[in-house]
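Asks: With the numbering used here as the guide, the letters of the sequence shown map in order to residues 203 to 679. Ideal placement from N, C-alpha and C gives every residue a C-beta, glycine not left out. Sharing a structure here in structure tokens format.
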Amino acid sequence: MQLYMALRDLILSGGLADADRLPASRTLATELAISRTTVIDALDRLVSEGLLESRVGAGTFVSHAVREKTQTQDLNKVSVTPSHIRLSDTAADAAARFAHRDRLPHQSSAFVTALPAFDKFPMAQWARLSARHWRTERDALMGYGDPFGLPALRSAIAAHLNTSRGIHCDPDQIFIVGGAQHAFSLIARLLVNQGEKIWFENPGAIGARNAFTGAGADLVPIDIDDDGMVVADGVNKAPDFRLAFATPSHQQPLGKIMSLPRRLELLEAASDANAYVIEDDYDGDFYFGSQPLPTLKSIDTHQRVIYVGTFSKTLFPSLRLGFLLAPPALVDPLKTLAHSSLSGTPTWPQAVVADFINEGLFATHIRSMRTLYRERHDALHRHAEAIAPYLEVQRASAGFHTVGFLKKPFDFRRFVDLASAAGVVLSDIEKYCIVPAKTKGVVLGYGSCDRQQIGAAMNKLTQVFEEHAKQIGLEKY
Ligand SMILES: Cc1ncc(COP(=O)(O)O)c(C=O)c1O
203 MQLYMALRDL ILSGGLADAD RLPASRTLAT ELAISRTTVI DALDRLVSEG
253 LLESRVGAGT FVSHAVREKT QTQDLNKVSV TPSHIRLSDT AADAAARFAH
303 RDRLPHQSSA FVTALPAFDK FPMAQWARLS ARHWRTERDA LMGYGDPFGL
353 PALRSAIAAH LNTSRGIHCD PDQIFIVGGA QHAFSLIARL LVNQGEKIWF
403 ENPGAIGARN AFTGAGADLV PIDIDDDGMV VADGVNKAPD FRLAFATPSH
453 QQPLGKIMSL PRRLELLEAA SDANAYVIED DYDGDFYFGS QPLPTLKSID
503 THQRVIYVGT FSKTLFPSLR LGFLLAPPAL VDPLKTLAHS SLSGTPTWPQ
553 AVVADFINEG LFATHIRSMR TLYRERHDAL HRHAEAIAPY LEVQRASAGF
603 HTVGFLKKPF DFRRFVDLAS AAGVVLSDIE KYCIVPAKTK GVVLGYGSCD
653 RQQIGAAMNK LTQVFEEHAK QIGLEKY
């Protein structure tokens with residue numbers, strides 16, 4: 203292989219173009235101190251690939267075609283250098299166009315966002331179901347999957363949505379995707395043309411924003427108030443919108459819950475504009491009160507809502523499984539798109555999740571996580587008292603993150619860096635904004651760490667605040 207590759211590179215780079223004839227195999231073998239069989243194997247392979255020609259009685263030569271090519275151009279110079287790479291417009295200015303997103307978190311710690319409670323995941327049950335599937339029929343697990351998703355999982359999700367989110371749908375309307383992020387890209391491909399307007403919550407979800415930016419959409423930042431997305435702001439800025447992206451059950455990142463009048467207003471605005479609404483219900487299963495407000499989808503009499511769900515929060519993110527629920531009119535166009543470009547998501551995890559739901563383990567897990575996240579949320583608040591002079595930590599009523607607003611004019615970036623140096627992760631709200639946020643603040647995730655870790659991290663954060671305040675001469679009040 204070494205000889206073959208060395209000769210091949212030499213031939214292709216023109217290094218042998220002037221050579222009349224290659225040394226005889228016996229000579230090469232002696233000079234290189236290797237077996238003649240090895241030399242013959244390498245030469246034979248180059249002959250069979252058309253790089254060398256063997257003429258009986260005359261010897262082995264660089265093939266005529268390659269000599270011509272290498273004599274007319276210096277292949278070394280044509281090798282790809284950065285200035286030769288031709289990227290699409292989207293990729294060429296990606297750094298400027300897309301919101302910066304660090305690697306998504308993988309390790310539990312205070313106060314990373316987006317991670318559920320790995321410490322309480324029912325590993326034994328998951329392992330039992332996983333093992334069971336490898337003992338069943340091979341074709342079902344090892345062949346290409348259905349591009350729309352495993353039928354058993356689509357049915358299980360439809361049943362779950364019915365009982366837990368008040369959504370009545372046919373499994374045929376459900377498409378399994380590789381996480382919510384994949385759903386957003388698919389929806390953009392289905393509905394959005396270059397330059398068309400999308401109402402986007404500001405601040406709002408970074409991944410979704412990038413999916414729509416990548417599709418060439420014109421993102422219109424829409425204000426958030428205590429009732430959620432301000433629909434009047436959208437109507438004012440872009441009455442001709444094509445799509446609206448909303449997180450009504452728990453606004454990402456501010457945590458507001460969209461009021462019922464606002465939900466109805468949004469549906470009506472979409473119907474008036476012949477637009478669609480994406481309802482990203484990423485953590486809506488984890489509400490702390492009695493019953494939450496109805497999902498947008500469950501009151502969608504105009505059939506305007508595309509509901510997106512993910513297993514990244516209810517189970518774990520490395521599964522890369524989510525789903526979208528399309529209104530009936532979009533089912534066939536989505537099927538056409540999915541058939542043409544999707545090979546489906548991995549079958550085996552889908553089969554395990556379907557069983558997990560059908561055996562009632564999913565509903566039980568969600569119920570216990572609801573209680574757990576509430577406890578972790580309350581712990582965060584108890585420990586936030588000491589920090590209250592500096593940071594006003596908001597009460598959440600769902601999910602596993604909340605926000606804290608700064609009460610003093612700190613050098614905010616420096617503060618986030620100091621917290622990070624002390625081992626506490628804070629996400630600046632500004633990262634979630636298309637236009638600057640109205641208030642300075644941070645997002646605090648409390649799902650993945652236990653009460654002791656939350657307490658210890660809050661104490662550290664208070665210390666960092668106090669030291670920073672002292673350094674810049676701010677008194678505690
Ligand atoms: C607003 C929002 N939606 C959905 C998701 C889940 O995305 P995925 O299913 O691609 O992991 C996240 C992840 O943090 C999110 O912040």
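Let's test the definition: count the other Cβ atoms within 10 Å of the Cβ of K672 and tell me whether it reaches 16, buried, or not, exposed.
Replies: Counting Cβ neighbours within 10 Å, K672 comes out exposed, since fewer than 16 surround it.
Asks: Measure the alpha-carbon distance for V422 versus G511 and round it to whole angstroms.
Replies: C-alpha separation (whole angstroms): 23 Å.
Asks: Who pairs with L527 in a beta bridge, going by DSSP?
Replies: Its beta-bridge partners are I376, Y509.
Asks: Just to check, is the beta-carbon of P307 closer than 7 Å to a non-hydrogen atom of ligand 1?
Replies: No - ligand 1 has no heavy atom lying nearer than 7 Å to the Cβ of P307.
Asks: Please find out if some non-hydrogen atom of ligand 1 comes closer than 7 Å to the beta-carbon of G524.
Replies: Indeed, a heavy atom of ligand 1 lies less than 7 Å from the Cβ.
Asks: Would you call the segment 591-602 and the segment 451-458 touching, i.e. three or more CB-CB distances under 8 Å?
Replies: Contact between the segment 591-602 and the segment 451-458 is present, because at least three Cβ pairs lie under 8 Å.
Asks: Which residues in the same chain have their Cβ closer than 7 Å to the Cβ of V379, if we skip the five residues on either side of it in sequence?
Replies: Result list for V379: A385, L388, G524, F525, L526, T547, in chain order.
Asks: Ligand 1 heavy atoms versus the CB of T449: any closer than 7 Å?
Replies: Yes - ligand 1 has a heavy atom lying nearer than 7 Å to the Cβ of T449.
Asks: Can you give the Cα-Cα distance for F607 and F564, rounded to whole angstroms?
Replies: Distance between the alpha carbons of F607 and F564 is about 35 Å.
Asks: With distances taken from CA atoms, which of A267, G416, I636 is nearest A296?
Replies: Out of A267, G416, I636, G416 has the C-alpha closest to the C-alpha of A296.
Asks: Counting along the chain, where does the beta strand (DSSP E) carrying V479 start and finish?
Replies: Element bounds for V479: 478-482.
Asks: Is it right to say T232 is buried, meaning 16 or more other beta carbons lie within 10 angstroms of its own, or is it exposed?
Replies: So T232 ends up on the exposed side.
Asks: When DSSP builds the beta bridges, which residues end up paired with M431?
Replies: DSSP output for M431 lists I426 as bridge partner(s).
Asks: So does T512 have its beta carbon nearer than 7 Å to some heavy atom of ligand 1?
Replies: Because some heavy atom of ligand 1 lies under 7 Å away, the Cβ of T512 counts as near it: yes.
Asks: For S256, which beta-bridge partners are listed by DSSP?
Replies: BP columns for S256 point to T262.
Asks: Might you give, ordered along the chain, the residues of its own chain that have their beta carbon closer than 8 Å to the beta carbon of N661, omitting 5 neighbours on each side?
Replies: Contacts found: H585, A588.
Asks: For the candidate residues D211, L393, F614, A540, whose alpha-carbon lies nearest to that of D348?
Replies: Comparing Cα-Cα distances from D348 to each of D211, L393, F614, A540, the minimum goes to A540.
Asks: Ignoring anything shorter than 4 residues, give me the alpha helix (DSSP H) runs that lie fully in the segment 327-370, in order along the chain.
Replies: You should have 340-344, 353-367.
Asks: If you draw a straight line from the C-alpha of N438 to the C-alpha of D425, how long is it?
Replies: One C-alpha to the other measures close to 11 Å.
Asks: Once you ignore the five residues that flank K515 on each side, which residues in its own chain have a CB closer than 7 Å to its CB?
Replies: Closer than 7 Å at Cβ, skipping near neighbours: P318, Y484, D485.
Asks: Rounded to a whole number of angstroms, what is the C-alpha to C-alpha distance between R223 and R288?
Replies: Each residue's alpha carbon lies about 38 Å from the other.
Asks: Suppose you measure from the CA of D613 to the CA of H302; what does that come to, to the nearest Å?
Replies: Those two C-alpha atoms are separated by around 21 Å.
Asks: Report the rounded CA-to-CA distance for V507 versus V479, giving the unit in angstroms.
Replies: Between V507 and V479, the C-alpha separation is close to 5 Å.
Asks: Using a 10 Å radius around the Cβ and a threshold of 16 neighbouring Cβ atoms, would you call A487 buried or exposed?
Replies: The residue you asked about is not Ala; residue 487 is Asp in the sequence shown. The residue is buried, with at least 16 neighbouring Cβ atoms inside 10 Å.
Asks: Can you tell which of T229, H670, R247, A471 has its C-alpha closest to the C-alpha of A208?
Replies: Nearest C-alpha to A208: R247.
Asks: So the beta strand (DSSP E) V595 belongs to, where does it begin and stop?
Replies: V595 -> beta strand (DSSP E) spans 593-595.
Asks: Give me the Cβ distance between F443 and A477, rounded to the nearest whole Å; I'm assuming they're in contact under 8 Å.
Replies: So it is a contact: roughly 5 Å between Cβ atoms.
Asks: In three-state terms, what does DSSP make of V666?
Replies: DSSP places V666 in helix when its eight states are reduced to three.
Asks: Who are the Cβ neighbours of A219 in its own chain at under 7 Å, not counting the five residues just before and after it?
Replies: Only V264, R269, T272, Q273 meet the Cβ criterion.
Asks: Would you check if the distance between the CB atom of I559 and the CB atom of A358 is smaller than 8 Å?
Replies: Closer than 8 Å, so yes.
Asks: Could you tell me which residues DSSP puts in a beta bridge with W401?
Replies: Bridge partners of W401: V422, A446.
Asks: For the alpha helix (DSSP H) holding T497, just list the boundary residues, first then last.
Replies: No alpha helix (DSSP H) holds T497; DSSP gives it neither H nor E.
Asks: I need the boundaries of the beta strand (DSSP E) containing L646, first residue and last residue.
Replies: Element bounds for L646: 643-647.
Asks: For ligand 1, I want to know if G409 counts as a neighbour, meaning its beta carbon is within less than 7 Å of at least one of the ligand's heavy atoms.
Replies: For ligand 1, at least one heavy atom lies less than 7 Å from the Cβ of G409.
Asks: Let me check one thing: in DSSP terms, what residues is T604 bridge-paired to?
Replies: According to DSSP, T604 bridges with L646.
Asks: Here's a check: name, in chain order, each residue in its chain whose Cβ is nearer than 6 Å to the Cβ of A413, leaving out the five neighbours to either side.
Replies: Excluding residues within five positions, the ones whose Cβ falls inside 6 Å are F386, S387, A390.
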